[in-house]
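Colleague: Quick one: this structure, given as structure tokens, is what I'll be asking you about.
Residue numbers (the working numbering), protein chains in the order written: chain X, 15 to 374; chain D, 15 to 374.
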């Protein structure tokens with residue numbers, strides 16, 4: 015079966031392998047796995063993760079939490095619940111599922127408290143602490159204690175612990191060991207400060223796929239929430255954390271022009287692949303052509319990918335279908351309304367990208 | 015009314031002004047206007063364009079043609095109809111609307127002919143000629159004649175003329191005048207070659223918003239298909255082709271964190287704004303904060319925009335809503351499932367982005 019291009023095709027067996035590998039790691043080290051569903055945005059895939067042993071799921075949006083409540087009744091939103099619609103949707107959802115959110119401000123606490131108070135529900139809270147990525151999160155152990163105490167005083171909110179994000183940690187296993195030793199020092203300082211005040215830190219959650227399998231190097235971490243590992247992409251491959259064979263999701267595209275010398279054009283542009291470059295190799299182009307490793311996608315416009323084929327011994331022909339591993343699969347999946355699920359021996363099935371394009 | 019953030023809000027009055035300005039230009043120079051709907055992907059906006067005098071609409075995908083047939087019965091696909099699903103959908107559509115496609119290969123002619131033959135319909139064809147942008151299009155006058163003759167011989171296909179794309183033409187009015195003089199030379203050569211063979215060139219179509227109002231400098235051009243002008247964006251503003259006040263579509267976002275020094279984080283990340291940089295000013299950041307011109311969105315991750323506010327006299331506060339003009343509105347619109355249509359004196363209305371996320 016050949017669905018119209020461009021389209022996203024997901025190989026169920028590679029997904030299964032990726033999920034099992036991470037679950038095995040988590041089990042071996044006594045870590046709860048709570049995958050971030052931002053990558054797949056699929057209830058079906060979320061259920062697979064739960065069936066294999068995940069403790070719950072992670073989301074970035076309140077609407078995603080609502081969608082993913084079809085796969086798990088234990089959801090963490092790794093995003094500040096700021097904005098009244100966000101807080102209200104979470105409170106509504108907390109009527110029927112176990113919900114935890116991460117935040118880094120008293121403002122967020124106040125706004126969430128108003129929403130939960132109105133509905134008489136309880137939501138768990140993690141204090142977001144910045145390990146050095148510099149995006150969100152309180153900046154010192156003292157600030158984390160102050161915010162944790164503020165949460166403790168807020169009716170309807172339950173202090174559950176802290177959220178960390180290791181998005182800045184990358185590199186070889188040796189390099190990661192050094193970086194994680196520093197993280198361990200940061201976390202130990204937090205624990206000392208929290209324990210001195212008797213603050214609840216049942217959950218110490220860490221994130222990111224590249225750092226996931228170094229999580230045990232910070233023994234206090236007891237929960238991890240990698241996302242990209244389910245499909246992998248060229249960021250992960252070129253970063254050295256997975257192989258091409260571990261990439262479960264590929265864009266299938268058609269060569270629609272070969273009029274310009276040493277170039278073919280395929281129908282997967284920035285509205286399919288997105289303009290995200292490959293972090294570890296920004297000059298490697300806009301994705302990897304599986305059957306033409308010497309080809310380079312050097313320019314994307316909305317519906318066109320211009321591919322330099324001057325280095326290819328054999329060149330793709332007009333009308334030919336090619337397979338592309340995207341640089342960043344999370345944003346690529348988010349472009350699609352649906353994807354094709356490929357299981358061995360079965361017709362491919364079209365599945366919705368359930369939690370993309372939500373209003374809240 | 016304050017819809018949940020992030021969301022896209024379109025100002026109907028600015029749209030009206032933008033549409034009128036382009037229609038007036040086209041009318042003044044006797045050009046048929048056939049706007050590219052890739053920017054708005056909205057039947058409603060397509061209808062506005064038709065009501066103001068557009069001759070028809072332009073699309074990039076066969077599915078978009080089907081959707082936009084709700085706004086116009088005269089549609090041009092500025093994209094090669096390669097791939098059997100694409101050709102078949104077009105042939106099906108040609109049963110009920112006037113359809114023209116652009117192509118640059120005999121392969122595309124053959125595949126389209128098979129589809130139209132099966133259904134006994136006729137589709138108009140423009141030969142795509144490359145003016146120098148280097149993406150698609152035949153590379154010489156001789157090649158254009160050969161392909162035009164190939165189209166003439168194909169049953170069910172009607173040679174209508176040629177498609178040009180001036181995506182590489184930019185700069186000041188003086189600079190554009192020079193560049194368009196060169197284009198005029200290219201087109202004159204094409205016309206001489208086509209006329210020597212008596213080939214039909216009823217339609218000579220040119221594209222791109224930056225070059226649109228220089229189209230009359232190539233007198234043979236009789237149809238233009240700008241897209242971005244309907245909303246405009248920072249590419250257009252920083253290129254010097256429109257002002258901030260001409261930007262009709264803005265992302266409304268909420269400040270969700272202010273934990274890191276000299277930074278706020280808003281909830282419009284790459285899954286809202288896309289990672290597209292501003293072509294004329296790649297270092298200007300990921301969009302323009304209307305009320306904080308000194309602020310700079312220096313990093314996007316999927317749901318976070320990190321904004322450097324160190325240069326701001328007054329800084330946005332946590333919980334505050336801010337308005338962002340995106341770098342590239344076409345891809346930004348394509349991220350959204352729907353948008354808010356704002357008319358003076360009326361409640362905002364939620365409208366679908368009708369032709370996004372299509373399978374063909």
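Each residue gets a CB set at the ideal place from its N, CA and C atoms; glycine is no exception.
#1: Out of D:234, D:54, D:102, which one is the CA nearest neighbour of residue 177 of chain D?
#2: Could you check if residue 113 of chain D is buried or exposed, using at least 16 other CB atoms within 10 Å of its CB as the buried criterion?
#3: I'd like to know if residue 239 of chain X contacts chain D, where contact means its C-beta is closer than 8 Å to some C-beta of that chain.
#4: What separation, rounded to the nearest whole angstrom, lies between the Cα atoms of residue 271 of chain D and residue 155 of chain D?
#5: Using a Cβ-Cβ distance cut-off of 8 Å, determine whether residue 224 of chain X contacts chain D.
#6: Since residue 153 of chain X meets chain D, which of its residues come closer than 8 Å, beta carbon to beta carbon?
#7: At what residues does the alpha helix (DSSP H) containing residue 119 of chain D begin and finish?
#8: Rounded to whole angstroms, what is the Cα-Cα separation between residue 261 of chain X and residue 180 of chain D?
#9: At least one CB of chain D closer than 8 Å to the CB of residue 200 of chain X: is that the case?
#10: Here's the rule: buried if 16 or more other CB atoms are within 10 angstroms of the residue's CB, otherwise exposed. What is residue 16 of chain D?
#11: Touching or not, the stretch 315-335 of chain X and the stretch 23-31 of chain X, by the rule of three or more beta carbon pairs under 8 Å?
#12: Counting only C-beta atoms, is residue 146 of chain D closer than 8 Å to chain X at any point?
#13: Which whole runs of the alpha helix (DSSP H) in the stretch 275-358 of chain D are 4 residues long or more, in chain order?
#14: Name the one or two DSSP bridge partners that residue 263 of chain D has.
#15: Taking just the CA atoms, how far does residue 140 of chain X sit from residue 151 of chain X?
#16: Using three-state DSSP, classify residue 112 of chain D as helix, strand or coil.
#17: Cutting at 6 Å between CB atoms, please list the residues of its own chain near residue 84 of chain D, excluding the five before and the five after it.
#18: When you compare only the Cα positions, how much space is there between residue 200 of chain X and residue 298 of chain D?
#19: Is the stretch 266-281 of chain X in contact with the stretch 264-280 of chain D, if contact means three or more CB pairs nearer than 8 Å?
#20: State whether the stretch 142-150 of chain D contacts the stretch 351-360 of chain X, with contact taken as three or more CB pairs (one from each stretch) at a distance under 8 Å.
#21: Check the DSSP bridge columns for residue 140 of chain X and list the partner residues they point to.
#22: Kindly indicate which three-state DSSP category residue 237 of chain X falls into: helix, strand or coil?
#23: State the CB to CB distance for the pair residue 22 of chain X and residue 350 of chain X, rounded to an integer number of angstroms; the pair is presumed to be in contact (CB under 8 Å).
#24: In angstroms, rounded to a whole number, what distance separates the CA positions of residue 282 of chain D and residue 245 of chain X?
#25: Since residue 62 of chain D sits in a beta bridge, which residues does DSSP pair it with?
#26: Terminal residues of the continuous alpha helix (DSSP H) containing residue 103 of chain X?
#27: Taking CB distances under 8 Å as the criterion, tell me whether residue 18 of chain D reaches chain X.
#28: For residue 158 of chain X, does the three-state DSSP call read helix, strand or coil?
#29: Can you give the Cα-Cα distance for residue 332 of chain D and residue 121 of chain X, rounded to whole angstroms?
#30: I believe residue 75 of chain D touches residue 372 of chain D by the beta-carbon criterion, under 8 Å. Please report the beta-carbon distance rounded to the nearest angstrom.
#31: So which residues on chain A does residue 284 of chain D lean against when the C-beta distance must stay under 8 Å?
#32: Pick out the complete alpha helix (DSSP H) segments inside the stretch 39-94 of chain X, 4 residues or longer, and give them in chain order.
#33: Out of X:212, X:256, X:336, X:90, state which residue places its alpha-carbon closest to the alpha-carbon of residue 159 of chain X.
#34: Among X:102, X:19, X:51, which residue has its Cα nearest to the Cα of residue 90 of chain X?
#35: Smallest Cα separation from residue 107 of chain D: which of D:251, D:88, D:117, D:118?
#36: For chain X, find out if any of its Cβ atoms is closer than 8 Å to the Cβ of residue 119 of chain D; answer yes or no.
Modeller: In brief:
#1: D:234
#2: Counting Cβ neighbours within 10 Å, residue 113 of chain D comes out buried, since at least 16 surround it.
#3: no
#4: Here the C-alpha atom of residue 271 of chain D lies approximately 58 Å from the C-alpha atom of residue 155 of chain D.
#5: no
#6: 273, 274, 275
#7: It is not in any alpha helix (DSSP H) - residue 119 of chain D carries neither H nor E in the DSSP assignment.
#8: 38 Å
#9: Answer no: the Cβ-Cβ gap between residue 200 of chain X and chain D never drops below 8 Å.
#10: exposed
#11: No, the stretch 315-335 of chain X does not touch the stretch 23-31 of chain X.
#12: So no, residue 146 of chain D is outside the interface.
#13: 343-349
#14: D:24
#15: Taking the straight line joining both Cα atoms gives about 11 Å.
#16: DSSP places residue 112 of chain D in strand when its eight states are reduced to three.
#17: 57
#18: Looking at the two C-alpha atoms, the distance is approximately 34 Å.
#19: no
#20: no
#21: According to DSSP, residue 140 of chain X bridges with X:116, X:175.
#22: strand
#23: 5 Å
#24: 24 Å
#25: DSSP lists no partner for residue 62 of chain D.
#26: Counting along the chain, the alpha helix (DSSP H) containing residue 103 of chain X begins and ends at 98-107.
#27: yes
#28: Helix at residue 158 of chain X.
#29: 7 Å
#30: 6 Å
#31: Considering every chain present, this structure includes no chain A. Its protein chains are X and D.
#32: 57-65, 76-82
#33: X:212
#34: X:51
#35: Residue 107 of chain D has its Cα closest to that of D:88, out of D:251, D:88, D:117, D:118.
#36: yes
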